[in-house]
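Novice:
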Amino acid sequence: DSGVTQTPKHLITATGQRVTLRCSPRSGDLSVYWYQQSLDQGLQFLIQYYNGEERAKGNILERFSAQQFPDLHSELNLSSLELGDSALYFCASSADSRSYEQYFGPGTRLTVT
Amino acid sequence: AQTVTQSQPEMSVQEAETVTLSCTYDTSESNYYLFWYKQPPSRQMILVIRQEAYKQQNATENRFSVNFQKAAKSFSLKISDSQLGDTAMYFCAFSGAAGNKLTFGGGTRVLVKP
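These protein sequence lines map, in sequence, to chains A and B.
Numbering of the first sequence is given in my numbering, commencing with residue 102 and proceeding in unit increments.
Numbering of the second sequence is given in my numbering, commencing with residue 1333 and proceeding in unit increments.
See the structure below:
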């Protein structure tokens, strides 16, 4: 158990809908990272937040957004969902903005039908 | 941009034998970190081992060790005394000096046979 929690574990929704994925980092960790794992794109970095502020952005679609709250949990919002958004979404956390060890949560499996 | 390449999509090994996974990367940075992550069927991403580029000594964690060749930009993982629980996808990953994201290779599926 990495200490990073993600909810829900599984999510099934229809095209065009909007969903929110939630992540709680390990106790004391200030950075949260979101990754997408899909069959065709592999594991891709989406976005990083550090202590409430966006720190780095990767291949995140405009339909996707994220935020980190004062209690340091983070949410990833996915809107206007398409079939291709079906993937495993991981959250990871690290102690600070430049920590080189990231600990991954169990992931949220999103299926768009 | 950094790229990470794992050229072996799948490998199999007999229990108690040794298997070596290859990884090459491309970067213009001189200071960086390399990692191997394991993803078993449960899909959990588990950090196996990490290597700092400025350290010449190869990292070791129990049965897992790396061969880091900085000039060749190569970072292979050796699993010794393979166990059935080692069956998983293994991902090589790179983190640059900014330390704010991991760039992953495509993964190598390892099957340990009894």
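Glycine residues also receive a C-beta, built at the ideal position from the N, C-alpha and C atoms.
For B:Val1336 and B:Thr1440, which I take to be in contact (beta-carbon distance under 8 Å), what is that distance rounded to the nearest angstrom?
Specialist: That belief does not hold up - the Cβ atoms of B:Val1336 and B:Thr1440 are roughly 12 Å apart, past 8 Å.
Novice: Applying a beta-carbon distance threshold of less than 8 Å, which residues of chain A neighbour B:Leu1443?
Specialist: Under the 8 Å cutoff, chain A gives no residues; its nearest Cβ is about 19 Å from B:Leu1443.
Novice: Given this structure, state the Cα-to-Cα distance separating A:Pro126 from B:Ala1425, to the nearest angstrom.
Specialist: Each residue's Cα considered, the two are about 21 Å apart.
Novice: Taking only beta-carbon atoms, is A:Arg123 less than 9 Å away from chain B?
Specialist: With 9 Å as the cut-off, A:Arg123 does not count as an interface residue toward chain B.
Novice: Nearest-angstrom Cα distance between B:Gln1389 and A:Tyr204?
Specialist: If I take the Cα positions, the gap works out to 24 Å.
Novice: Determine the chain B residues that contact A:Glu202 at a beta-carbon separation under 7 Å, and present them in chain order.
Specialist: Under the 7 Å cutoff, chain B gives Leu1379 and Arg1382.
Novice: What do you reckon, are the CB atoms on A:Trp135 and A:Ala196 nearer than 9 Å?
Specialist: Going by C-beta atoms, A:Trp135 is not nearer than 9 Å to A:Ala196.
Novice: Are any of the Cβ atoms in chain B nearer than 9 Å to that of A:Pro207?
Specialist: Yes, because at least one Cβ of chain B sits closer than 9 Å to the Cβ of A:Pro207.
Novice: What does B:Ser1427 reach in chain A if we use C-beta pairs closer than 7 Å?
Specialist: Here the neighbours are Tyr201.
Novice: Please say whether A:Asn178 and A:Gln168 have beta carbons closer to each other than 9 Å?
Specialist: Yes, the Cβ-Cβ distance between A:Gln168 and A:Asn178 is below 9 Å.
Novice: Under the three-state reduction of DSSP, which class applies to A:Leu140: helix, strand or coil?
Specialist: If DSSP states are grouped into helix, strand and coil, A:Leu140 belongs with coil.
Novice: Can you check DSSP and say which residues form a bridge with A:Asn178?
Specialist: A:Thr121 and A:Ser166, per the DSSP bridge assignment.
Novice: If you drop the 5 nearest sequence neighbours on each side, which residues of the same chain put their C-beta closer than 7 Å to that of A:Pro109?
Specialist: Closer than 7 Å at Cβ, skipping near neighbours: Thr209.
Novice: Sort A:Gly117, A:Thr106, A:Leu147 and A:Val133 by Cα distance to A:Leu162 and report the nearest one.
Specialist: When only C-alpha atoms are compared, the closest one is A:Leu147.
Novice: Using a Cβ-Cβ distance cut-off of 9 Å, determine whether A:Ser194 contacts chain B.
Specialist: So, not an interface residue.
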